[in-house]
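Enquirer: Residue numbers (numbering that gives the first Met the number 0), protein chains in the order written: chain A, 0 to 188; chain B, 0 to 305.
For each residue, glycine too, the CB sits at the ideal point set by N, CA and C.
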Amino acid sequence: MGCESGGLVVASKAVNDKDLIERCRAGERSAQRQLYEQTSPRIYRLLLRMTGHEGDASDLTQETYVKGFQRFDQFDGRSAVASWFYRIAINEALQFRRRRSVAAAKLVTMSRSQSCEASPPSGADLKMDLQDAMAALTPNDRALLLLRYQEGLDYRGMAEVLKCPEGTIASRLNRARDRLRDILRKSYG
Amino acid sequence: MGSRPARGRLPVDDPRIRGDQRGEIGMCCEKIEKELGCYVDGELTETRRSAVEAHLESCSKCRAEVGELRELAIGIAGTVPPVAPDAVWEGIERRLGQPADPAAQSGRSARSLRLRGVPWAIAAVVVLAVGLGWFGLSSSDTSAQASTVDFGVLLEALPLDANKAFQRFLVRYGGKPTTPIAAKRIAPDLDFDTPPELPGGFKLRSVFQLRIGNATGIAASYDRDGEFLAVVFHPPMKHEKFGTHQDYPCVIGKHCGHKVQVGDWKLVHLTDATTCHCLLSKLDEKSEMPEVMSAIAPNSRNRFEH
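1) Is there a Cβ from chain B that is less than 8 Å from the Cβ of S39 of chain A?
2) From D160 of chain B to I42 of chain A, what distance separates their C-alpha atoms?
3) Which chain B residues are close to Q94 of chain A, counting only those with a beta carbon under 7 Å from its beta carbon?
4) Could you check the C-alpha separation between E45 of chain B and M292 of chain B for me, to the nearest Å?
5) Using a Cβ-Cβ cut-off of 8 Å, state whether A83 of chain B counts as contacting chain A.
6) Cβ atoms of L228 of chain B and F201 of chain B: under 8 Å apart, would you say?
7) Of all the CB atoms in chain A, is at least one closer than 8 Å to the CB of A229 of chain B?
8) Does T244 of chain B come out as helix, strand or coil in the three-state DSSP assignment?
9) What residue does the alpha helix (DSSP H) around A182 of chain B start on, and which one ends it?
10) Do you know offhand how far D222 of chain B's Cα is from G54 of chain A's?
11) So P234 of chain B packs on L189 of chain B, CB below 8 Å; how close in whole Å?
12) S57 of chain A touches chain B at which residues, Cβ-Cβ below 9 Å?
13) Do you know how far the Cα of A63 of chain B is from the Cα of S57 of chain B?
14) According to DSSP, is G216 of chain B helix, strand or coil?
15) Please name the residue in A:H52, A:I89, A:D131, A:D72 whose C-alpha comes closest to that of P84 of chain B.
16) Assign I180 of chain B to one of two classes, buried (16 or more other C-beta atoms within 10 Å of its C-beta) or exposed (fewer than that).
17) Rounded to whole angstroms, what's the CA-CA distance from R147 of chain A to Q245 of chain B? Just pull it up for me.
18) May I ask you to report which of helix, strand or coil DSSP gives R77 of chain A?
19) Could you tell me whether the Cβ of Y85 of chain A comes closer than 8 Å to any Cβ of chain B?
20) Would you mind sorting T243 of chain B into buried or exposed? The rule is 16 or more other CB atoms within 10 Å of its CB.
21) Do you know how far the Cα of A92 of chain A is from the Cα of M49 of chain A?
22) Just to confirm before moving on: does the CB-CB distance between A169 of chain A and G41 of chain B stay below 8 Å?
23) For a contact meaning CB atoms closer than 7 Å, what does F68 of chain A contact in chain B?
24) Does the beta carbon of L71 of chain B sit closer than 8 Å to a beta carbon anywhere in chain A?
25) Give the single residue among A:S100, A:R99, A:L46, A:S29 whose Cα lies nearest to the Cα of R86 of chain A.
26) Going along chain A, which residues have a C-beta under 7 Å from C37 of chain B?
27) Indicate whether at least one CB of chain A lies closer than 8 Å to the CB of A156 of chain B.
28) Identify, in the order they occur along the chain, each residue of the same chain with its Cβ nearer than 8 Å to the Cβ of V126 of chain B, setting aside the five sequence neighbours on each side.
29) From the DSSP output, in three-state form, read off G200 of chain B for me.
30) Sorted by chain position, which residues of the same chain lie with C-beta nearer than 7 Å to G67 of chain A's C-beta, five sequence neighbours on each side aside?
31) What is the residue span of the alpha helix (DSSP H) that D149 of chain B lies within?
32) I want to see whether chain B comes within less than 8 Å of R184 of chain A, judged by CB atoms only; does it?
33) Please work out which residues of its chain come closer than 8 Å, Cβ to Cβ, to Y35 of chain A, disregarding the five sequence neighbours upstream and downstream, and give them in chain order.
34) Taking R178 of chain A and D140 of chain A to be in contact with their CB atoms under 8 Å, please state how far apart those CB atoms are, rounded to whole angstroms.
35) In the DSSP output, what is T38 of chain A paired with across the bridge?
36) Go ahead and pull the three-state DSSP assignment for S299 of chain B.
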């Protein structure tokens with residue numbers, strides 16, 4: 000049944016129209032718009048789950064497509080076109096997270112130097128739902144789980160996006176799932 | 000104690016199992032546990048899947064683990080997907096810094112505009128109609144018209160190809176493939192069924208989640224030896240649009256509804272308190288249609304009987 004088919008390969012049959020890709024490569028705006036409309040709901044959704052913030056997700060979506068189209072001549076067509084944008088989106092999300100961590104660390108340093116100590120809420124007192132637990136994962140773990148369960152990519156599709164051997168996906172997913180469950184278990188005592 | 004399972008295999012924690020046997024099963028459990036994630040993801044080979052399923056028959060611990068993994072997968076998947084704001088594309092266009100009019104790029108992209116003799120406009124419609132079964136369009140119309148569903152996009156394309164017309168409708172409303180079981184979870188307030196086979200031999204081909212404004216709908220397509228049939232379920236709406244077509248009252252079984260006819264195709268709507276059941280088919284309203292309606296609208300079954 001079509002609805003049961005694995006993620007990226009079947010999905011991308013829809014958006015791998017060669018003419019559309021050629022027109023995008025040639026810089027034709029209407030083709031780029033078409034490809035954007037076909038793929039952006041998923042990219043935006045992924046980035047929203049990665050960042051937890053609509054404004055950040057919008058900014059990163061924009062960044063993803065600007066870079067994706069500017070470098071589209073590098074897309075060789077061997078992988079699905081969706082994986083091209085997924086890859087850029089994940090890299091943008093990871094870099095965004097690194098920039099934000101650096102900025103937050105500077106903020107904490109400044110706060111301490113001004114004798115303004117923030118006391119974080121006690122984790123033991125917080126009940127954490129699944130979305131909170133996802134947010135507590137590393138960006139890499141979160142990306143793995145979202146690509147599989149939100150975006151519906153199969154292991155081959157995930158390997159295409161993450162540029163890693165397909166054989167490593169299972170163990171990486173297992174570890175991400177275990178870490179997520181550890182976070183959930185700890186939050187419920 | 001419980002009875003022995005049909006295949007003679009005892010649960011691993013059954014006291015009739017000797018200690019040394021339990022050790023063997025425990026080791027098997029340890030090996031199988033590592034594969035449960037792949038099993039839930041549908042990524043095991045046929046051989047390994049059979050081995051895991053054979054183990055699950057006698058291991059409640061691993062069965063519980065599979066249940067947890069499935070719940071986790073559903074939870075991570077989330078519910079109705081959000082849509083990127085329109086301003087995102089405007090920003091992309093600005094930053095790409097190229098004119099929007101394709102004609103202005105004719106000097107550079109004459110080759111790309113030549114689509115092997117196929118007129119560009121028709122090719123665009125074909126790409127849209129055929130190629131967008133997975134990714135939904137992000138349309139400002141869908142979010143603005145929360146109390147309206149427009150079947151015009153479906154009806155206008157019907158005379159050409161019903162399947163493609165259905166695809167256009169899916170694109171319009173952000174159709175995302177799902178499964179019959181997940182559809183029930185996604186739209187718990189709707190009364191509907193998408194059985195594997197409908198009366199008359201129509202076999203289920205695909206199920207989709209729809210986003211109609213702020214409401215969730217479900218659509219499914221069926222096939223009987225090349226004959227197409229589609230169903231759409233959505234909450235009752237203030238307005239339903241049918242393009243240039245007129246809808247007329249009709250009676251299916253004991254239920255009064257409305258019908259729009261386009262050639263041999265009929266789009267029949269029957270609405271109850273929670274759900275509008277829409278059936279697109281060539282079925283006869285007196286003979287086959289009541290049984291099919293009965294199959295897709297479980298709470299109204301008795302109203303479709305002759």
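Expert: The structure says:
1) yes
2) 31 Å
3) Residues of chain B passing the Cβ test: none, with the nearest at roughly 18 Å.
4) 37 Å
5) yes
6) yes
7) no
8) In the sequence as presented, Thr is not what sits at residue 244 of chain B; that position holds His. Three-state result, H244 of chain B: coil.
9) 179-185
10) 43 Å
11) 7 Å
12) A83, P84, A86, V87, G90
13) 12 Å
14) strand
15) A:H52
16) exposed
17) 44 Å
18) coil
19) no
20) exposed
21) 7 Å
22) no
23) L95
24) yes
25) A:L46
26) A169
27) no
28) Below a pLDDT of 50, predicted positions are generally treated as unreliable, and V126 of chain B, at 42, falls in that range; the measurement from the model is reported next regardless. Result list for V126 of chain B: empty, nothing under 8 Å.
29) coil
30) W83, F84, I87
31) Taken as a continuous stretch (DSSP letters only), D149 of chain B belongs to no alpha helix (DSSP H), being part of the beta strand (DSSP E) at 147-149.
32) no
33) Y64
34) 6 Å
35) In DSSP, T38 of chain A forms no bridge with anything.
36) helix
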